[in-house]
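Presented below is the structure to which this report refers.
Numbering (the numbering used here), first residue to last: 256 to 441.
Okay, structure coming up:
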């Protein structure tokens with residue numbers, strides 16, 4: 256009988272000991288699989304080592320869950336900041352590209368303007384160089400006409416042709432000078 260009573264007590268004691276261990280083991284396995292499970296009360300005395308272990312494990316899981324939520328919130332805030340900074344950088348990039356485009360257009364206009372100014376100076380110089388010999392030719396034709404007097408009628412056709420060509424040269428140089436003063440074709 257003593258043996259039977261001892262066997263029942265050992266069985267009951269082992270069952271009371273193994274049930275909480277099995278429960279702890281089951282929850283640990285579920286947590287490893289990613290489940291949010293807690294051990295909870297084991298029905299043991301609060302000072303029992305298994306009850307303290309279960310409580311500490313649950314507290315650790317709660318702390319891990321809180322940390323997980325904090326990390327998730329921090330990641331969301333970081334993502335918002337990254338999006339804000341990306342949008343700001345995109346805006347600044349577009350603004351800089353616009354400024355670069357305006358600078359390039361201004362540079363191109365300045366280059367064209369400088370070329371036209373140089374062309375105008377060159378044109379004015381050419382017109383001046385053409386006008387000097389033309390004035391000499393005209394003066395000499397007038398002198399020949401005056402010197403020939405009545406005999407000038409024999410070469411009047413040639414004199415008129417020279418006058419026509421001198422007028423043509425003057426019109427061309429006048430156009431060149433006008434072109435140089437206006438800065439070329441706009």
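The beta carbon of each residue, even a glycine, is placed where N, CA and C say it ideally should be.
A quick note: this is a predicted structure, and the numbers were derived from the prediction, not measured.
Taking all protein chains shown into account, residue 398 has fewer than 16 neighbouring C-beta atoms within 10 Å of its C-beta and is therefore exposed. Separation of the CB atoms of residue 373 and residue 428 is rounded to 19 angstroms, and the pair is thereby denied contact status at 8 angstroms. Under a 10 Å Cβ-count criterion, residue 342 is classified as exposed, with fewer than 16 other Cβ atoms of the shown protein chains found around its own Cβ. Residue 299 places its beta carbon 8 angstroms or farther from that of residue 292.
A Cβ-Cβ contact shorter than 8 angstroms links residue 417 with residue 396. Counting the other CB atoms within 10 Å of its CB gives residue 431 a total of 16 or more, which places it among the buried residues. Listed in chain order, the non-local C-beta contacts of residue 297 below 7 angstroms within the same chain comprise 275, 278, 305, 306 and 309, local neighbours out to five positions each way being set aside. In the displayed model, residue 295 falls within coil according to three-state DSSP, outside both helix and strand.
A Cβ-Cβ separation of about 6 angstroms places residue 312 in contact with residue 294 under the 8 angstroms criterion. By the neighbour-count definition (other C-beta atoms within 10 Å, threshold 16), residue 378 is a buried residue.
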